[in-house]
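Peer 1: If you read the sequence shown in the numbering used here, its first letter stands for residue 9, the second for the next number, and so on.
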Amino acid sequence: MHKVKNIYTIDFETRNSTLDLVNKETSVWLWDICSCDTFKHRYGTTLDGLFRFVFDEIKEDVIYYFHNLKFDGSFLISYLLTHGYTWSDKPFKEIQPYYFNSLIDSRKQFFSITIRNKNNSKIEIRDSQKKISSSVGEIAKSWKLPILKGEIDYKMHRPIGYIPTDEEIEYIKHDTEIMARVLKEFHKEGMSSLTSASDSFKAYKKTMTKKTFAELFPVLDKDIDDYIRKSYLGGLCIVNKKYKNILLYNCKCYDKNSMYPSKMEKELFAYGVPIKGDGKYVENKKYPVYIQHIKCQIKLKDNHIPCLMLKRFLQLKNEYIEDTGDEIIELYLTMVDMKILFDAYDIQYIEFIDYLMFRGSTKLFTEFIDTNYLLKQNSEGAKRLLAKLRLNSFYGKWATNPVHYVIEPYLDSEGILCFKSINKIVDEPIYTINASLTTAYSRYDLYINIQNNYDNFVYCDTDSITTVGDAVGLEVDKKKLGAWDLEKEYKLFKVIAQKTYYGVLNDDSVLIKACGAPNEVKKQINLDNFKIGETFTGKLRPVRVKGGLILADTTFTFKDR
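1) If you draw a straight line from the C-alpha of Asp80 to the C-alpha of Trp39, how long is it?
2) Name the residue from Val70, Lys13, Thr26 and Ile112 whose alpha carbon lies nearest to the alpha carbon of Ile433.
3) Just mark Gly556 as buried or exposed, buried being the case when its beta carbon has 16 or more other beta carbons within 10 Å.
4) Can you find the residues in the same chain that come closer than 6 Å, C-beta to C-beta, to Leu27, ignoring five residues on each side of it along the sequence?
5) Exposed or buried, Met199, counting other C-beta atoms within 10 Å across all chains shown (16 or more means buried)?
6) Can you tell me whether Asp233 is helix, strand or coil according to DSSP?
7) Does the distance from the C-beta atom of Glu193 to that of Leu382 stay below 9 Å?
8) Suppose you measure from the CA of Gly284 to the CA of Glu483; what does that come to, to the nearest Å?
9) Who does Val553 pair with in a DSSP beta bridge?
10) Touching or not, the stretch 295 to 302 and the stretch 273 to 283, by the rule of three or more beta carbon pairs under 8 Å?
11) Is Asp19 near Asp183, with beta carbons less than 9 Å apart?
12) Got a sec, what are the start and stop residues for the alpha helix (DSSP H) Val144 sits in?
13) For the alpha helix (DSSP H) containing Ser266, list its first residue and its last residue.
14) Determine the DSSP secondary structure at Ser25, reduced to helix, strand or coil.
15) In this structure, does DSSP put His75 in helix, strand or coil?
16) For Gln532, count the other beta carbons within 10 Å of its own beta carbon; 16 or more makes it buried, fewer makes it exposed. Which is it?
17) Could you check which residue in Glu542, Val476 and Ser270 has the C-alpha nearest to that of Thr446?
18) Using only CA atoms, which one of Thr220, Val344 and Ile329 lies nearest to Phe277?
19) According to DSSP, which residues form a beta bridge with Cys468?
20) In terms of residue numbering, what span does the beta strand (DSSP E) encompassing Asn365 cover?
21) In this structure, does DSSP put Gly280 in helix, strand or coil?
22) Would you mind giving the Cβ-Cβ distance between Gly477 and Asn253, rounded to the nearest angstrom? I have them listed as a contact below 8 Å.
23) Among the residues of its own chain, which have a CB less than 7 Å from the CB of Leu397, if the five just before and after it don't count?
24) Taking contact to mean 3 or more Cβ pairs, one atom from each stretch, closer than 8 Å, check whether the stretch 27 to 37 and the stretch 545 to 554 are in contact.
25) If you measure between the beta carbons of His312 and Tyr353, is that distance less than 9 Å?
26) Among Thr342, Asn527, Asn386 and Ile336, which one has its Cα closest to the Cα of Tyr289?
27) Could you give the residue range of the alpha helix (DSSP H) that holds Asn400?
28) What's the C-alpha gap between Lys597 and Tyr363?
29) If distances are taken between C-alpha atoms only, which option among Asp453, Thr475, Leu372 and Pro314 comes closest to Tyr439?
30) Since Glu622 is in the beta strand (DSSP E), which residue starts that stretch and which ends it?
31) In three-state terms, what does DSSP make of Gly57?
32) Out of Ile15, Phe63 and Ala479, which one is the CA nearest neighbour of Lys196?
33) Can you tell which of Glu159, Leu316, Arg60 and Ala525 has the C-alpha that lies nearest to the C-alpha of Leu244?
34) Could you give the distance in angstroms between the alpha-carbon of Thr173 and the alpha-carbon of Gly546?
35) Pull up the CB-CB distance for Ile337 and Glu273, whole angstroms please, since I reckon it's below 8 Å.
36) Cutting at 6 Å between CB atoms, please list the residues of its own chain near Tyr179, excluding the five before and the five after it.
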């Protein structure tokens, strides 16, 4: 059992009215802190008060969690830079009082802000969304907490000096206490890293000695890691053109029970130092895992769904290959993706350039996955959900990109928070091949089952398949690891793009998936306006102004993807 003393959740309510946007300035009008140990609260109405009576007076190291540090952290850093604090790119142990550092990536995702106050104490600000990505409201429901998230009017004008109502104070207290109750369970279970993926990875490493881990998963040369990383592709998300934009009846969605963990539990994975060779890989029982580098011209066979992806330089998303035409493309394929290549495509030209081969075992992750899956199946509440998080976030840490940049926050001439890259950092990679294999096995699983249901296949996304009528060839079991759960049955179903579908379930409830659409937009959607090109109001976009961020009104449009 781990202690949760000196761990708190914190939340800001900020000025977000039309007048604030016109004035290009915002600030905090209410803050609340909740102890993850006692659930006691402390609140105030200005950042001056937060610093004067809390941060500046702390005499021991503390951790505070915001749920969406990218938003609240913008207010915090803006305040720090205008109130006597200086940003530093040095590690915390090297900075002086009234200095702070930050961990922000090139996409402006905030991971942490760490402040050294006048008492030499460490105030570490973290993002709880990196631990659990759901909204506060969803978390309260899924964790079956004794409190639920409320609502307030975010757009109401609140002038400087505004006194919050009892309802507004109760609202923010609910937000902080929901997350405090969840994070208490994280820290009690020793899940104290910045991200859930790091928590899972740390738990796995504890199952063996440091020496054993280093022997199994050695740090590879950057050039070798770059080679491996070219084979690392995402999950499949495919709309069958035959059924796109068509209203369908009697559709069923099957969801794989823990897709990625099920692959890590039983499939062949890599370990040790790889060997590079020229030309075509030849079966080698000592080195059965491989990545093959090829150049080719290929065309999808008739009656096949394109499940092979091309990753182009500077391209934001993967391209599903149907016909390369006269172009010769270059691919780095695991042995799993090579099976899709030869099964689904007519090969018009192929050149085997080189390969990388590894030792392999089917037992590297079995015990870790089985232990956590058993815990998930036989537990309730927090223990079940924490086991589920460990399972689902485990694979991703293996592919952590070793290249990142130091991002410096600064204020421009108008006092608006900006960012710049000041230094490139190259860390040691972990062992990317095992993340690459996890996603490859999962794509192959989907590919096989899509082909088995070619005539009635409608849609798939990472770990699920939707068909018209019953799917064939699936082992259906609600609980068994790696089996399929008949998760949803639709009276009506319509898919118009990747991650964009509308379904009426058998109980007449409506499920709308529209990537990027908030609830305010979803409330306006019906079967008549659910089509490419339709535009809706109700979406918000963050606008940087003096003091922090304002969420301004914008529109949402269905786009073909």
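All C-beta atoms in this analysis are idealised placements derived from N, C-alpha and C, irrespective of residue type, glycine included.
Peer 2: Let me spell this out:
1) Against the sequence shown, residue 80 aligns to sequence position 72. Against the sequence shown, residue 39 aligns to sequence position 31. CA-CA distance, Asp80 to Trp39, rounds to 10 Å.
2) As a working mapping, residue 433 is identified with position 425 in the sequence shown. Ile433 has its Cα closest to that of Ile112, out of Val70, Lys13, Thr26 and Ile112.
3) Indexing the sequence shown from 1 puts residue 556 at position 548. The residue is buried, with at least 16 neighbouring Cβ atoms inside 10 Å.
4) Start at 1 with the first residue of the sequence shown, and residue 27 comes out as number 19. These residues qualify, in order along the chain: His165.
5) As a working mapping, residue 199 is identified with position 191 in the sequence shown. With 16 or more other Cβ atoms within 10 Å, it is buried.
6) Walking along the sequence shown from the start, residue 233 turns up at place 225. Looking at Asp233 - three-state DSSP - the assignment turns out to be helix.
7) Stepping through the sequence shown from its first residue, residue 193 is reached at position 185. Stepping through the sequence shown from its first residue, residue 382 is reached at position 374. Taking 9 Å as the cut-off, the beta carbon of Glu193 is found no closer than this to the beta carbon of Leu382.
8) Numbered from its first residue, the sequence shown carries residue 284 at position 276. Numbered from its first residue, the sequence shown carries residue 483 at position 475. Note that residue 284 corresponds to Lys in the displayed sequence, not to Gly. So the two alpha carbons sit approximately 38 Å from each other.
9) As a position in the sequence shown, residue 553 is number 545, starting the count at 1. Looking at the DSSP output, Val553 bridges to Gly556.
10) Taking one beta carbon from each stretch, the stretch 295 to 302 and the stretch 273 to 283 have 3 or more pairs nearer than 8 Å; the two touch.
11) By one-based count along the sequence shown, residue 19 stands at place 11. By one-based count along the sequence shown, residue 183 stands at place 175. In contact: Asp19 and Asp183 (Cβ atoms closer than 9 Å).
12) Here residue 144 corresponds to residue number 136 of the sequence shown, with the count starting at 1. Going by DSSP, Val144 is part of the alpha helix (DSSP H) stretching over Val144 to Ser150.
13) Walking along the sequence shown from the start, residue 266 turns up at place 258. Judged by DSSP secondary structure, Ser266 falls outside any alpha helix (DSSP H); it is assigned neither H nor E.
14) By 1-based counting over the sequence shown, the position of residue 25 is 17. Of the three classes helix, strand and coil, the one that applies to Ser25 here is coil, per DSSP.
15) Start at 1 with the first residue of the sequence shown, and residue 75 comes out as number 67. It is coil, neither helix nor strand.
16) Here residue 532 is taken as the residue at index 524 of the sequence shown, counted from 1. Classification of Gln532: exposed, given that the 10 Å Cβ count is below 16.
17) Walking along the sequence shown from the start, residue 446 turns up at place 438. When each option's Cα is compared against that of Thr446, the closest is Ser270.
18) Position 269 of the sequence shown, counted from the first residue, corresponds to residue 277. For the residues Thr220, Val344 and Ile329, the minimum Cα distance to Phe277 belongs to Val344.
19) Residue numbering aside, residue 468 sits at position 460 when the sequence shown is read from its first letter. DSSP output for Cys468 lists Ile246 and Ile473 as bridge partner(s).
20) In the sequence shown, the residue the question calls residue 365 occupies position 357. The residue asked about is misnamed: residue 365 is Met in this sequence, not Asn. Counting along the chain, the beta strand (DSSP E) containing Met365 begins and ends at Tyr353 to Ser369.
21) For the purposes of this step, residue 280 is taken as the residue at position 272 of the sequence shown. Strand.
22) Residue numbering aside, residue 477 sits at position 469 when the sequence shown is read from its first letter. Residue numbering aside, residue 253 sits at position 245 when the sequence shown is read from its first letter. Wrong, their Cβ atoms sit about 20 Å apart, outside the cutoff.
23) Residue 397 sits at position 389 when you count from the first residue of the sequence shown. Cβ neighbours of Leu397 within its own chain (closer than 7 Å, five residues either side excluded): Ile140 and Ser204.
24) Segments in contact, yes.
25) Taking the sequence shown and counting its residues from 1, the one referred to as residue 312 is at position 304. Taking the sequence shown and counting its residues from 1, the one referred to as residue 353 is at position 345. Tyr353 is positioned such that its CB atom lies closer than 9 Å to that of His312.
26) Against the sequence shown, residue 289 aligns to sequence position 281. Nearest to Tyr289 by C-alpha distance, out of Thr342, Asn527, Asn386 and Ile336, is Thr342.
27) Against the sequence shown, residue 400 aligns to sequence position 392. Gly389 to Ser401 is the span of the alpha helix (DSSP H), which, as asked, contains Asn400.
28) There is simply no residue 597 to check, as the chain begins at 9 and stops at 569 in what is shown.
29) Here residue 439 refers to the residue found at position 431 when the sequence shown is read from its first residue. In terms of CA proximity to Tyr439, Leu372 leads the group Asp453, Thr475, Leu372 and Pro314.
30) Because the chain in this structure spans residues 9 to 569, residue 622 falls outside the shown range and cannot be described.
31) Sequence index remark: in the sequence shown, residue 57 carries index 49 (1-based). Helix.
32) Translated into the one-based positions of the sequence shown, residue 196 becomes position 188. Closest option to Lys196, Cα to Cα, is Ile15.
33) Locating residue 244 in the sequence shown gives position 236, where the first residue counts as 1. For the residues Glu159, Leu316, Arg60 and Ala525, the minimum Cα distance to Leu244 belongs to Leu316.
34) Start at 1 with the first residue of the sequence shown, and residue 173 comes out as number 165. Start at 1 with the first residue of the sequence shown, and residue 546 comes out as number 538. Approximately 26 Å between the Cα atoms of the pair.
35) Reading the sequence shown from its first residue, position 329 is the one you call residue 337. Reading the sequence shown from its first residue, position 265 is the one you call residue 273. In fact, because the Cβ distance is near 33 Å, the residues do not count as touching under 8 Å.
36) The count along the sequence shown starts at 1 and reaches residue 179 at position 171. The residues are Gly158 and Ile160.
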